Every structure is written in structure tokens, then in C-alpha cells.
Amino acid sequence: MGTHTGPSRPSVSRRELCIAAGATGISALAGCSTGNTNPSRAGNATTITDHSSPDLEKWVDEVPRPSVAEPSGTKDGRPRYEIAMGEVEQKLHRDLPATTVWGYDGQFPGPTIEAEQGEPIYVRWANDLPDEHLLPEDTTIHSDLIPYDTPGVRTVTHLHGGNVESESDGHAQAWFTRDFQETGPEFEKKDYYYVNDQPPATLWYHDHSLGITRLNVYAGLAGFYLLRSDHERSLGLPEGEYEIPLVLQDRSFEEDGSLFYPTAISDEKGGSDESHPDPSIVPQFYGDTSVVNGKAWPRLSVEPRSYRFRLLNGSNSRYYSLRFRRYDESSGETGGDGPSFIQIGNDGGLLSTPVEISDRLELGVGQRADVVVDFSEYVGETLLLHNNAPAQYRGRTGLEDDDIVSLPEIMLVDVNEAGDSQDATELPDELTRVPDIPIDSVDNKRYLTLNGGTTDDYSRQLYLLGTAEEPDGLKIDAPVTEEPALGDTEIWSFANRSGMSHPMHLHLVHFQMLGRQPIGDYDPDEDELDLEALEAPKPYERGWNDVITVDPGEIVHVIVHFGGHDGLFNDQTGTYMWHCHMLEHEDHDMMRPFTVLPNDGRGADSDDVDDSTAQR
Numbered sequence: 001m002g003t004h005t006g007p008s009r010p011s012v013s014r015r016e017l018c019i020a021a022g023a024t025g026i027s028a029l030a031g032c033s034t035g036n037t038n039p040s041r042a043g044n045a046t047t048i049t050d051h052s053s054p055d056l057e058k059w060v061d062e063v064p065r066p067s068v069a070e071p072s073g074t075k076d077g078r079p080r081y082e083i084a085m086g087e088v089e090q091k092l093h094r095d096l097p098a099t100t101v102w103g104y105d106g107q108f109p110g111p112t113i114e115a116e117q118g119e120p121i122y123v124r125w126a127n128d129l130p131d132e133h134l135l136p137e138d139t140t141i142h143s144d145l146i147p148y149d150t151p152g153v154r155t156v157t158h159l160h161g162g163n164v165e166s167e168s169d170g171h172a173q174a175w176f177t178r179d180f181q182e183t184g185p186e187f188e189k190k191d192y193y194y195v196n197d198q199p200p201a202t203l204w205y206h207d208h209s210l211g212i213t214r215l216n217v218y219a220g221l222a223g224f225y226l227l228r229s230d231h232e233r234s235l236g237l238p239e240g241e242y243e244i245p246l247v248l249q250d251r252s253f254e255e256d257g258s259l260f261y262p263t264a265i266s267d268e269k270g271g272s273d274e275s276h277p278d279p280s281i282v283p284q285f286y287g288d289t290s291v292v293n294g295k296a297w298p299r300l301s302v303e304p305r306s307y308r309f310r311l312l313n314g315s316n317s318r319y320y321s322l323r324f325r326r327y328d329e330s331s332g333e334t335g336g337d338g339p340s341f342i343q344i345g346n347d348g349g350l351l352s353t354p355v356e357i358s359d360r361l362e363l364g365v366g367q368r369a370d371v372v373v374d375f376s377e378y379v380g381e382t383l384l385l386h387n388n389a390p391a392q393y394r395g396r397t398g399l400e401d402d403d404i405v406s407l408p409e410i411m412l413v414d415v416n417e418a419g420d421s422q423d424a425t426e427l428p429d430e431l432t433r434v435p436d437i438p439i440d441s442v443d444n445k446r447y448l449t450l451n452g453g454t455t456d457d458y459s460r461q462l463y464l465l466g467t468a469e470e471p472d473g474l475k476i477d478a479p480v481t482e483e484p485a486l487g488d489t490e491i492w493s494f495a496n497r498s499g500m501s502h503p504m505h506l507h508l509v510h511f512q513m514l515g516r517q518p519i520g521d522y523d524p525d526e527d528e529l530d531l532e533a534l535e536a537p538k539p540y541e542r543g544w545n546d547v548i549t550v551d552p553g554e555i556v557h558v559i560v561h562f563g564g565h566d567g568l569f570n571d572q573t574g575t576y577m578w579h580c581h582m583l584e585h586e587d588h589d590m591m592r593p594f595t596v597l598p599n600d601g602r603g604a605d606s607d608d609v610d611d612s613t614a615q616r
């Protein structure tokens with residue numbers, strides 16, 4: 001997404017942000033500290049600020065393309081996949097020794113599942129992982145909920161963006177160990193059922209096990225899930241070798257090629273507190289090496305024509321703000337702007353019309369952007385995919401950041417002189433129909449707070465989600481406070497009281513953004529929601545979203561329908577999760593359940609809609 005501007009943006013000082021972020025915030029908030037390294041730990045690094053990855057030569061490996069998974073058989077007449085999670089050695093850079101990672105089907109990232117709209121599939125996610133975790137576990141996280149003495153590694157796979165039954169959603173407490181020997185309290189079935197009754201979209205799957213999501217995903221447990229349709233194929237978009245899924249991640253490495261993940265909070269952020277356990281969770285993780293589709297500092301060769309990129313921010317905590325820039329590889333200097341992104345889709349599928357991103361494309365953790373890029377006017381040139389987002393992201397507050405874990409260089413693109421040179425792909429003026437969720441259909445409004453000002457029993461910063469009644473936040477095991485009924489339409493207003501941006505994600509549903517406003521301009525007990533007073537969504541923020549960024553000092557209002565809507569999606573009841581998608585945050589403790597209750601008689605009208613009018 002691009003840059004938001006406007007006079008309604010709240011003014012927050014650096015000092016206020018540092019206080020709001022908390023004394024134990026991660027070391028990337030260098031502007032709030034007086035130092036950034038501890039030389040005494042050199043050679044035995046445990047924190048982000050102490051560690052540096054090997055000095056790798058950039059741009060020596062080509063971007064790989066994930067393989068496509070094949071069904072292993074059928075079940076009830078439907079394709080059935082069996083995809084195993086296992087430990088594998090994989091070369092992530094030409095000059096690094098092979099890295100031990102965890103992957104689906106023996107690869108990182110996992111194979112792409114390609115499914116068809118309206119055609120259900122079954123997937124058995126098999127746990128073939130070792131008995132011991134690849135990375136150090138902090139057993140103080142949810143120690144009253146997680147049996148850390150259970151043998152084996154806990155995993156559960158969540159289809160992110162899937163409008164699926166709760167039994168197959170990948171609930172954080174539906175974990176299981178190798179061969180299902182031990183299972184969590186919410187575990188219900190071995191074979192997950194994905195109905196695929198939703199618009200074609202770029203979905204992804206990843207681990208979601210309570211308390212160790214950050215470790216399991218960092219180890220490599222993630223992959224693409226592309227839902228396709230005949231209508232999408234009829235649009236003439238780049239396809240085949242000209243359609244490339246790209247998952248952007250950051251990693252840090254040791255000299256022997258192994259993954260580095262911090263086990264302590266840096267000293268200047270309170271890491272010297274003797275009450276902290278060892279190992280300890282950290283508030284966020286930012287790696288110092290760009291990894292795209294499992295390769296460090298890669299390059300991509302393209303022909304002088306249009307390509308379709310399905311971009312996914314699969315990092316633990318990092319935001320991206322992307323633009324192509326001309327690049328002189330011999331000098332390492334960055335020049336003027338390269339081709340623009342033409343965004344055709346986001347989390348939940350196609351936008352109604354193509355949108356040219358004239359500035360930069362913002363991607364919060366878990367967000368996807370479906371874009372077309374025309375390279376026909378850059379024959380023989382080298383382009384850099386450039387990122388200018390600081391690590392500890394504060395959105396569009398306009399503050400400079402003395403960021404010490406920045407990652408400006410993501411990958412290179414070489415535009416070949418030979419190949420399929422053609423004019424830019426002529427995109428249709430209308431991609432699909434995205435029906436609005438009418439504001440006059442709202443049954444309930446919820447005021448939900450994002451908080452970062454408290455600490456846990458070990459004096460570590462704790463991020464919590466709250467309500468109007470409990471504004472300072474609730475832990476994951478507190479009673480459910482969000483219980484919409486099937487067929488209800490609700491407005492969820494996310495109020496960010498912390499000092500950093502949060503990418504907020506709802507399982508099961510896709511929502512539409514209504515707009516943003518300063519946090520002080522809306523009191524749910526006093527004010528009616530005035531749509532005219534909101535900073536309206538940008539064109540590329542419209543359509544169906546399942547992740548939305550909420551910046552410090554602002555409220556983002558979204559409207560969501562629980563059940564089928566205007567011929568789209570499907571009716572599901574049960575318990576799901578809503579959380580910040582920064583993985584360290586959702587592990588500790590910025591995640592809450594919500595329950596969709598059976599219909600009470602008001603009724604969804606989705607069954608009365610002619611399917612021919614639905615989004616195709």
C-alpha cells in the first residue's frame with residue numbers, strides 16, 4: 001500500500017512514542033536509546049544488536065519458484081493432499097553452508113497449493129519434525145496453557161485467508177505432535193477440509209501453534225495457496241512463467257549457515273534485567289538479510305514484458321514499503337524510479353479496478369498484494385526492489401527513525417534484452433465486482449484497543465488486545481468477548497494506544513475498510529461513527545482484506561459480515577482467532593478468540609442471491 005497523508009494524522013512526539021513502546025522494546029527503536037551494541041558479547045551474540053550475519057556477496061543466486069503440490073489421492077471424491085512437515089538441509093545462499101530449516105514437503109518455502117474456486121479439497125498436514133525444536137523455546141510463554149514437557153514439537157497449520165470451518169482453521173490450541181501422538185485441547189480432526197467457496201485470491205498457509213508460531217514460521221513453515229477461477233483466467237493477466245509468487249522474509253545467519261534467532265532482549269531495552277528467563281521471547285524480530293522464496297539477496301531475470309507478482313510479507317515482524325529503483329550494480333548506487341506497481345488484488349482477491357501505485361507499496365506482516373509490473377521500457381537495465389520502511393514501523397506519522405536493522409535492498413531484477421518483448425498487458429477497466437457491505441445493515445459495533453504499555457511477570461513488555469470495557473487488554477485465555485451471530489454485520493474499530501504499527505488479522509472472514517481517524521476524535525460512548533469525518537481508504541485499500549495496518553494514535557474502522565454475502569463466501573460457526581500478525585506479538589500475548597454463534601433467527605440473506613451476480 002502507498003503512503004497516507006492528510007491533516008488528520010495525529011501528532012506524536014518521539015518521546016511519546018518511546019514511552020508508549022515501552023522500556024523493553026526491541027533494539028530496532030534505536031532512536032529511543034543511547035547505544036546499540038554490547039562489545040563484550042561479540043562472538044557470543046544472543047540479541048539482535050549484538051549479532052551480524054556473515055558478509056555475503058549479494059545478487060549471486062536466482063530467485064527460485066516454489067513447486068506446485070500434487071494430490072496424493074482422493075477422499076469423498078475430492079482431491080486429498082498429504083503434506084509433511086520435516087527438517088531439511090537447504091542452500092539459502094551460494095556461499096553459505098547448507099542451512100537446517102523446517103519445510104513443508106521438504107522445502108522452504110513449502111509447495112504452492114493451487115485450488116479452484118468452488119472445488120473443495122482435503123489436506124493432511126503431517127508432523128514429521130524431530131523431537132527437539134530447531135530454535136530455543138521460552139517455556140515461560142503461556143506456561144499455564146502449554147504442556148512444555150510433552151515430547152515432540154507442536155505444530156498446527158492455518159490457511160491464512162481461508163473462509164473455512166473452525167475445525168480446519170488451524171486454531172492455536174489445535175496443535176499436534178509427530179504422528180498425532182499428542183494433541184491440543186482444540187484439536188478435532190486430522191484431515192482439514194477447505195471448501196474454497198470464496199473469491200480467487202492469494203492465500204498462504206503457515207504454522208499457528210500457541211506460543212511458538214514465531215519460531216516455527218521462522219524455521220520455514222510457510223507456503224502459498226493460490227485459489228483460481230475461470231473468470232480470473234479470462235482477464236488476460238500474465239500467466240505461466242510470467243506469474244511469480246514472491247514471499248519476502250528477513251533472516252539472520254551464523255557463519256556455519258545456521259539460522260540465528262535472538263534468545264535475549266538487548267541491554268539498552270531492559271535485557272540486563274535479571275528477572276528475564278534464558279532463553280526469552282523478544283518483543284519483535286528483525287533479520288539483517290533479505291530472503292525471497294528461500295534465497296538470500298537474490299536476483300530475478302525477466303523478459304521485457306509484463307509480469308504478475310503475487311507478493312506476500314511472510315516476515316516475523318518487518319514491514320515493507322516497496323518501489324522499483326534503477327540500480328548501478330558496479331557502483332551499488334540507486335538511481336531514479338523504475339516501473340510502477342499496478343495493483344490488481346489484495347488479501348481477499350481481485351480489486352474492482354486496477355490501481356497504479358504512484359508512490360510505494362506498503363505490506364504489513366501477513367498482507368498480500370497481487371500486482372502487474374511492465375518491464376518493456378527497461379530493456380537491458382537492472383532494477384532494485386527497494387524498501388524504505390524502518391524496522392520498528394510507525395506508519396505514516398512522518399517521523400525519522402534511527403533504525404539499526406533496516407533492510408533497504410530486497411532483490412535485483414535484470415531485464416533481459418532478448419525474450420518475449422511486448423507492449424504492456426492491457427488490463428481490463430473492470431476486474432470484478434466487489435459488492436459493498438452496506439453500513440445500514442450493521443447489527444453491532446465493537447471498540448477494540450491495541451496496547452503496549454504493560455509488562456508480564458518477568459518485566460517484559462506485553463502487547464494486549466482490549467475492549468471498550470477492558471481497554472488495557474485481556475490475555476488469550478480470558479473469556480471470549482467477541483461473539484457475533486451468523487448473518488450479523490459488525491463494525492470493528494481498532495484503536496492503537498501503543499507506539500508502533502500493528503497489522504491486525506481476522507481469521508475466517510474478509511472485511512472492508514471504512515477509514516481512519518485520530519484516536520482522540522472518536523469515543524464509542526459519546527460519538528456516532530461519522531464516515532464523512534474519516535480519512536477514506538485509498539483505492540488499493542478497498543476490496544476484501546484480512547489484514548489491516550493500524551498506526552500509532554489512530555483508529556481504523558472496518559465492516560465485516562459473518563457469513564455468506566451477496567453470493568460470496570460461506571456460512572461458518574465456531575471459534576476462530578483475531579490477532580496482531582507480528583508473530584512475536586501474537587505469541588505474547590496479542591491474540592484473542594472470537595466465536596461465531598449459530599443464527600438467532602435474524603438470518604443471513606446470502607442464499608437468496610443469484611450466484612450469477614457474485615464476484616467471479
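Residue numbers for the sequence shown follow full-length UniProt numbering, so the first one is 1 and each next one is one higher. Just so it is clear, CB atoms sit at the ideal spot from N, CA and C, and this is done for glycine as well. Remember, predicted model here, so these are calculated numbers, not experimental data.
Where residue i falls: helix, strand or coil (DSSP)
{"i": "Leu-215", "result": "helix"}
{"i": "Asp-105", "result": "coil"}
{"i": "Ser-317", "result": "coil"}
{"i": "Gly-223", "result": "strand"}
{"i": "Gly-345", "result": "strand"}
{"i": "Tyr-261", "result": "coil"}
{"i": "Gly-466", "result": "strand"}
{"i": "Gly-335", "result": "strand"}
{"i": "His-565", "result": "strand"}
{"i": "Phe-180", "result": "helix"}
{"i": "Glu-232", "result": "helix"}
{"i": "Ser-168", "result": "helix"}
{"i": "Leu-361", "result": "strand"}
8 Å CB neighbourhood of residue i in its chain, flanking five on each side removed
{"i": "Val-217", "result": "His-206, Asp-207, Gly-314, Asn-316 and Leu-583"}
{"i": "Arg-228", "result": "Glu-114, Ala-115, Glu-116, Gln-117 and Pro-200"}
{"i": "Leu-96", "result": "Pro-54, Leu-56, Phe-253, Gly-257 and Ala-296"}
First through last residue of the beta strand (DSSP E) which encompasses residue i
{"i": "Arg-592", "result": "591 to 596"}
{"i": "Leu-514", "result": "511 to 518"}
{"i": "Arg-446", "result": "444 to 455"}
{"i": "Arg-80", "result": "78 to 90"}
{"i": "Glu-554", "result": "554 to 561"}
{"i": "Leu-159", "result": "157 to 160"}
Minimum Cβ-Cβ distance from residue i to chain D less than 9 Å
{"i": "Tyr-447", "result": "Protein chains in the displayed structure number just one, and chain D is not present."}
Rounded separation between residue i and residue j - CA only
{"i": "Gln-512", "j": "Asn-293", "result": "29 Å"}
{"i": "Glu-409", "j": "Asp-566", "result": "43 Å"}
{"i": "Pro-479", "j": "His-142", "result": "16 Å"}
{"i": "Ile-212", "j": "Lys-538", "result": "35 Å"}
{"i": "Phe-253", "j": "Arg-318", "result": "17 Å"}
{"i": "Trp-204", "j": "Gly-110", "result": "10 Å"}
{"i": "Arg-178", "j": "Trp-578", "result": "27 Å"}
{"i": "Glu-70", "j": "Tyr-81", "result": "7 Å"}
{"i": "Ala-391", "j": "Thr-74", "result": "45 Å"}
{"i": "Pro-552", "j": "Asp-76", "result": "49 Å"}
{"i": "Val-434", "j": "Val-123", "result": "29 Å"}
{"i": "Asn-444", "j": "Phe-494", "result": "14 Å"}
{"i": "Thr-481", "j": "Gln-173", "result": "18 Å"}
{"i": "Ala-21", "j": "Pro-120", "result": "In this prediction, Ala-21 scores a pLDDT of 38, lower than 50, which makes its location untrustworthy; no coordinate-derived value is stated."}
{"i": "Ala-42", "j": "Glu-470", "result": "Because Ala-42 sits at a pLDDT of 34, beneath the cut-off of 50, its placement in the model cannot be relied upon, and the point is left open."}
{"i": "Arg-299", "j": "Thr-46", "result": "31 Å"}
Sheet register partners of residue i (DSSP bridge)
{"i": "Ala-536", "result": "Paired residues: none, contrary to the question."}
{"i": "Leu-248", "result": "Val-292 and Asn-313"}
{"i": "Thr-112", "result": "Val-68"}
{"i": "Arg-308", "result": "Glu-243 and Val-372"}
{"i": "Gly-574", "result": "Val-596"}
{"i": "Asp-191", "result": "Arg-124"}
{"i": "Thr-46", "result": "Per DSSP, none; premise fails for Thr-46."}
Contacts around residue i, its chain only, beta-carbon distance under 6 Å, and the 5 residues preceding and following it disregarded
{"i": "Val-153", "result": "Leu-129 and His-133"}
{"i": "Gln-198", "result": "Asn-163 and Phe-569"}
{"i": "Pro-279", "result": "Pro-136, Asp-138 and Thr-263"}
First and last residue of the uninterrupted alpha helix (DSSP H) at residue i
{"i": "Asp-368", "result": "The question names Asp, but residue 368 is Arg in the sequence shown. Counting along the chain, Arg-368 falls outside any alpha helix (DSSP H), though it belongs to the beta strand (DSSP E) covering 368 to 374."}
{"i": "Leu-583", "result": "583 to 587"}
Contacts around residue i, its chain only, beta-carbon distance under 7 Å, and the 5 residues preceding and following it disregarded
{"i": "Phe-180", "result": "Lys-190"}
{"i": "Pro-64", "result": "Asn-293, Gly-294 and Lys-295"}
{"i": "Asn-599", "result": "Ala-485, Leu-486 and Gly-487"}
{"i": "Tyr-393", "result": "Tyr-319, Met-500 and Ser-501"}
{"i": "Pro-238", "result": "Ser-306, Tyr-307, Arg-308, Val-372 and Thr-425"}
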